[in-house]
Amino acid sequence: MNGTARRETPAPRLTRAPVPVVLVGAYGHGWWHLENLRRLTQAGIVRLAGVCDVRPVEPERLRGLGRPEQSEDLGQLIERTGAKITILVTPIQTHAELAVRALEAGSHLLLEKPPAATFAGFQRISAVAARTGLGCQVGFQSLGSAAIPAIRQLIADGVVGRVKGIGVAGAWERDTAYFTRSAWAGRRRVGGVEVVDGALTNPFAHAVATALAVAGGGDADEVTGVDVELYHANAIEADDTSCLRIRLADGPPITVAVSLTASRRHEPYVVVHGTEGRITLTYTLDRVRVERVCREVTTVVHPRGDLLENLVAHVRDGDPLLVPLARTGAFMRVLETIRLAPDPLPIPDEHQEIDRDERGAVVRRVLPGIANLTARSAEHLALYSELDVPWATPRAVLRVRERAVAEYSWRPELATTLSPRPYLHPVRTLGGVTVTELNPADHVHHLGVSVAIADVGGRNFWGGRTYVRDVGPTWLDDHGVQRHLTFVRRDEHGFTETLRWAGPDGVEILDEERTVTAVPLGGCWALDFRFTLSNLTGSRLLVQSSATKGRAGAGYGGFFWRAPGSSTERAAFTPDGGEPHGSRAPWLAMSGSAAEGDWTLVFVQDADPWFVRVEEYPGAGPALAWDQPLVVERTLTRRIVTVVADGRLSRTQAETLATQTSGGQPKRKAEDHG
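Numbering (the working numbering), first residue to last: 494 to 1167.
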């Protein structure tokens, strides 16, 4: 060598052919994908080889994209064009079928959100993708943002301390035409086919998915429960105003509150609440704001990857997908809960501002203050029903084998004289027979199934008149109230709730933790009801009934079930055939008739005597203070299991069911006194 530097000849740069793509659905949101395809076509990354739609696509719509083949047969179109990628932008209810067809034809997939209308459809797509080894990217654009891994790193580094919860708020405006733009818009189902269009599952699906991505990996198994509240201001079948709470196996609780009834667009956001600050992601702008206690506020806008470009890189070079199908499993768990939830409740016109055209037709509906309400939800991690919203009906539906068997009202609007409290009504058998009654004329303060006590430290938590010794039933201003505080757990099978009992003067008397669960039991079901009352007074608290004040036999107070009907064809019996009223039998059965058919209730507990009424009205429950006052120094715990059955059961049948529920029955706790 002569010491002269040797100049290397650069290797020739390999030119890659554009990846052939098929677009399924060129109208509606398909316009956005056409614009993106034009951009990537000009960059030489993709080539639109085919368009699949039920109607011909005019040349102007395909401007700058050549002359792609058009066909209604997706499988044949993929085969003829050799498309490596299919972009699926069709109505939600068609996703599963078309996604499977594309994968089976050998094409990778960019699948618009939500992936499917049912969790079963999602599983079907997942199985085919796994079998074929093809990539399936889901069109949650916000999950392609670098903001999400940045936030997860901030959380992992403890920048805002321990995460207490994640809140999401979103409020957009939509006119009535938005809900009539297609046959499936604003529908939960069409012709018996699941659609599940709605604020949470379509326009604000990104809000839900983004929060789940911040909190975890997005796998289906991460979600352990979802509370859903669905409402609509517009005359639609689906929801336009909704909220939910998601519970994760290993992560903070998430609340999401959204609406399509704002007067203008408000950018939706996700806020991470920490013990030492908060992180706010405006996910439509990829903007992250970090606020820490006594620290400078920082704001960073992060880049976002294009999902189609990423899918091309996956097909060419094996790059990992930004939003693989598996990462949307948690979202699909939420969608499935929404699908199975009761139909949305209408928001009365009196709470709306309604714009009409010159012919009087409604063109837009606005909920005044809705943007502020969604922000309050995100700030307090609360559902609409927990924020004293007048149109938000606080109710929960309990299900057994996908049948609604009970509804729970936890913040009912009741007169003071009824001693306002949460209650279960209607409660139904699996056959649909209603076995509770609410506000009956004979005792308007009887509220389905509730915890009601005649006298707690001189306050009436039963409702109606108060029995005064040597005087009799008397109207007094002594009615207390049980206030719902929060749900610790809540799903379609039951809940754990905290409540506070206060007297008429507002003085707080008791805290309560209540757990209610509906469980299948052979051909019927059982309501497992547990409650623990904690004394807040700092001194011994006296629980009394009218019987302890001199009214013989009136030992009512505690868990109480008001059954329906005025028929005299009612019966109550215990295992030994003796007098049920006052019995300490381990179980009590009551049967009767309602408009829908016959019913039987089997109550199981062994802590207290039974209070029973049959002839005057049908009602029963364990009596906390049967004939002697009960003193509560610290806590009082009880559990009762009620079998709810169709038809009139024999004593033998009732005994069998009672035996099946007898495991772990409550005993009088050592800390109870009386």
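Positions of the beta carbon are idealized from the N, C-alpha and C atoms, including for glycine.
Nearest by alpha-carbon distance to residue i: which of the options is it?
i: Ala726; options: Leu860, Gly557 and Glu1072; result: Leu860
i: Arg757; options: Ile863, Glu769 and Val790; result: Ile863
i: Ala885; options: Ile739, His938 and Ser870; result: Ser870
i: Val688; options: Leu814, Ala610, Val751 and Val707; result: Ala610
i: Ala1019; options: Ile580, Val1134, Arg1106 and Val816; result: Val1134
i: Val937; options: Pro913, Leu923 and Thr922; result: Pro913
i: Phe980; options: Leu911, Ser902, Gly1016 and Gly999; result: Ser902
i: Asp963; options: Pro561, Val816 and Ala1040; result: Ala1040
i: Val781; options: Glu562, Thr1067, Val707 and Leu833; result: Val707
i: Arg1007; options: Val1000, Pro997, Asp1021 and Ile571; result: Asp1021
i: Tyr877; options: Thr830, Gly660 and Gly691; result: Gly660
i: Leu691; options: Tyr671, Gly709 and Arg1055; result: A quick correction: the sequence has Gly, not Leu, at residue 691. Answer by Cα proximity: Tyr671.
i: Thr773; options: Leu753, Gly744, Ser675 and Glu872; result: Glu872
i: Pro745; options: Leu705, Ser752 and Phe824; result: Leu705
i: Leu1123; options: Cys545, Pro1079 and Ser1038; result: Ser1038
i: Leu828; options: Ala713, Leu1026 and Glu572; result: Ala713
i: Glu565; options: Arg832, Gly1058, Arg1063 and Arg548; result: Arg548
i: Pro608; options: Pro696, Arg832, Met825 and Leu911; result: Met825
i: Ala868; options: Arg858, Ala620, Pro837 and Ala664; result: Ala664
i: Arg1144; options: Arg509, Ser1084 and Gly710; result: Ser1084
i: Glu666; options: Gly718, Gly1075, Val539 and Arg858; result: Arg858
i: Val794; options: Ala1118, Arg1033, Leu800 and Leu778; result: Leu778
i: Gln616; options: Arg1023, Glu802 and Thr821; result: Thr821
i: Glu528; options: Pro511, Ala510, Arg509 and Glu553; result: Glu553
i: His522; options: Gln563, Ser675 and Ile538; result: Ser675
Between residue i and the rest of its own chain, which residues show a CB-CB distance below 7 Å, the 5 nearest in sequence each way excluded?
i: Val686; result: Gln586
i: Gln1153; result: Leu1014
i: Pro839; result: His725
i: Pro505; result: With a pLDDT of 45 at Pro505, under the threshold of 50, the modelled position of that residue is not reliable, and the figure given next carries that caveat. Cβ neighbours of Pro505 beyond the five flanking positions: none.
i: Pro841; result: Trp884
i: Leu978; result: Thr991, Leu992 and Arg993
i: Leu931; result: His918, Leu940 and Gly941
i: Gly996; result: Arg952, Gly973 and Ile1002
i: Gly1140; result: Asp1091 and Thr1093
i: Val517; result: Cys545, Leu567, Thr579, Ile580, Leu581, Val582, Thr583 and Leu591
i: Val721; result: Leu737, Thr830, Ile831 and Ala834
i: Ile618; result: Ala589, Ala592, Val593, Pro608, Ala609, Cys629 and Leu818
i: Arg896; result: Leu923
Taking a contact to mean a Cβ-Cβ separation below 9 Å, would you say residue i touches residue j in this structure?
i: Ala639; j: Tyr762; result: no
i: Leu445; j: Val898; result: Outside the displayed span of the chain (494 to 1167) sits residue 445, for which this structure offers no information.
i: Glu739; j: Val701; result: The sequence as given places Ile at residue 739; Glu does not occur at that position. Yes, the Cβ-Cβ distance between Ile739 and Val701 is below 9 Å.
i: Leu940; j: Tyr916; result: yes
i: Leu647; j: Val783; result: yes
i: Gly1028; j: Arg1127; result: The question names Gly, but residue 1028 in the sequence shown is Asn. It is a contact, given that the beta carbons lie within the stated cut-off.
i: Arg624; j: Gly767; result: no
i: Val1036; j: Leu1129; result: yes
i: Leu753; j: Pro696; result: yes
i: Arg888; j: Glu900; result: yes
i: Pro1073; j: Trp1054; result: no
i: Arg540; j: Arg556; result: no
Looking only at its own chain, which residues have a Cβ that is under 6 Å from the Cβ of residue i, when we skip the five neighbours before and after it?
i: Gly925; result: Glu1089
i: Thr775; result: Glu760 and Tyr762
i: Gly614; result: Ala589
i: Leu969; result: Thr959
i: Gly559; result: none
i: Leu911; result: His938 and Gly956
i: Ala510; result: none
Please list, in chain order, all residues of the same chain as residue i whose beta carbon is under 8 Å from its beta carbon, the five residues on each side excluded.
i: Arg849; result: Val855 and Val856
i: Gly628; result: His601, Leu602, Ala622, Leu804, His807, Val808, Leu814 and Pro817
i: Met494; result: Note on Met494: pLDDT 38, under 50, position unreliable in the model; the coordinate value appears next. Closer than 8 Å at Cβ, skipping near neighbours: no residue.
i: Arg785; result: Val652, Val653, Glu769 and Gly770
Am I right that residue i and residue j are in contact with their C-beta atoms under 8 Å? What's the rounded C-beta distance?
i: Ala1113; j: Leu1150; result: Not confirmed; about 16 Å, so no contact.
i: Val1105; j: Ala1147; result: Between Ala1147 and Val1105 the Cβ distance is about 14 Å, and since that is not below 8 Å, they are no contact.
i: Ala643; j: Thr748; result: In fact, because the Cβ distance is near 22 Å, the residues do not count as touching under 8 Å.
i: Pro513; j: Thr583; result: About 20 Å; that fails the 8 Å criterion.
i: Leu737; j: Leu693; result: 7 Å
i: His699; j: Phe633; result: 6 Å
i: Ala1100; j: Pro1115; result: 6 Å
i: Leu800; j: Gly637; result: 5 Å
Would you verify that the beta carbon of residue i is, or is not, closer than 9 Å to some beta carbon of chain D?
i: Val764; result: Absence of chain D from the displayed structure is noted, only one protein chain being present.
Could you check if residue i belongs to the surroundings of the ligand PLP, using beta carbon to heavy atom distance under 8 Å?
i: Thr1130; result: Because no ligand of any kind appears in the structure shown, any question about the ligand PLP cannot be addressed here.
Task: Touching by the beta-carbon criterion (3+ pairs, under 8 Å), the segment 942 to 949 and the segment 1037 to 1057 - done: yes
Task: Three or more C-beta pairs below 8 Å linking the segment 788 to 797 and the segment 732 to 740 - done: no
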